[in-house]
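Heads up, the thing below is written out as structure tokens.
Chains as they are written, first to last, in our numbering: chain A, 1 to 64; chain B, 65 to 200.
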């Protein structure tokens with residue numbers, strides 16, 4: 001699933017480690033999310049949305 | 065199974081704290097059991113107890129791995145570990161089945177069943193970096 005995580009993170013000048021800390025996940029998880037190869041669970045998607053103060057649909061784009 | 069210690073999750077630290085004493089206990093119990101059986105020639109219930117004793121810390125390690133899976137909060141880490149475990153399981157089941165048939169016609173030596181868990185752990189360990197690489 002495509003997402004805007006990398007752009008949103010760059011806008012805030014956060015490193016992957018910074019974002020990982022804020023989401024309470026590992027850096028490799030942030031990396032897997034950013035490549036779009038790992039789709040987060042709903043609870044993690046909501047955590048990401050809350051952190052960026054955006055809706056889930058604004059961050060993740062369903063390719064279907 | 066676990067990544068670098070600096071960024072280790074609480075669950076991973078707990079896993080190490082449980083795993084290390086269980087493996088130490090395994091080595092101790094294994095040697096004690098072998099020594100006692102060799103030198104005292106026990107029979108009956110005592111032989112049963114001494115023979116099964118080394119399996120108990122190994123069973124504890126299996127439970128410790130299960131606890132880690134339950135306690136790890138990072139869903140991606142959990143997901144890659146489960147996939148690596150499935151690879152380990154598949155390789156072990158396939159390998160042991162093939163080995164058993166080869167053993168039947170004496171093409172390969174007898175494989176003691178207690179080696180099944182180390183084979184699983186080895187296969188899981190080899191699978192882990194490959195599973196992780198799929199997400200990079």
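We put the beta carbon where it would ideally sit given N, CA and C, even for glycine. Treat the numbers as computed from the prediction; the structure is a model and nothing was measured.
Between residue 195 of chain B and chain A, the shortest Cβ-Cβ separation is not below 7 angstroms. One alpha carbon belongs to residue 113 of chain B, the other to residue 121 of chain B, and they sit about 13 angstroms apart. Each residue's CA atom was taken as its position, placing residue 75 of chain B and residue 59 of chain A some 29 angstroms apart. Residue 22 of chain A and residue 173 of chain B have their alpha carbons spaced roughly 54 angstroms apart. At a cut-off of 7 angstroms, the C-beta of residue 178 of chain B has no neighbouring C-beta in chain A.
Listed in chain order, the alpha helix (DSSP H) runs fully inside the segment 30-63 of chain A are 42-52, 56-59, counting runs of at least 4 residues.
The bridge partners DSSP lists for residue 3 of chain A are A/60. Counting other Cβ atoms within 10 Å of its Cβ, residue 79 of chain B reaches 16 or more and is therefore classed as buried. Per DSSP, residue 14 of chain A lies in no alpha helix (DSSP H) segment and is marked neither H nor E. In the structure shown, residue 176 of chain B adopts coil according to DSSP, grouped into three states. By the neighbour-count criterion, in which a residue is buried when 16 or more other Cβ atoms sit within 10 angstroms of its Cβ, residue 168 of chain B is exposed. If you compare the alpha carbons of A/20, A/39, A/37 with that of residue 30 of chain A, the shortest gap goes to A/20. Secondary structure note for residue 109 of chain B: its alpha helix (DSSP H) is the uninterrupted segment 108-116.
For the pair residue 117 of chain B and residue 91 of chain B, the CB atoms are not nearer than the 7 angstroms cut-off. Between residue 15 of chain A and chain B, the shortest Cβ-Cβ separation is not below 7 angstroms.
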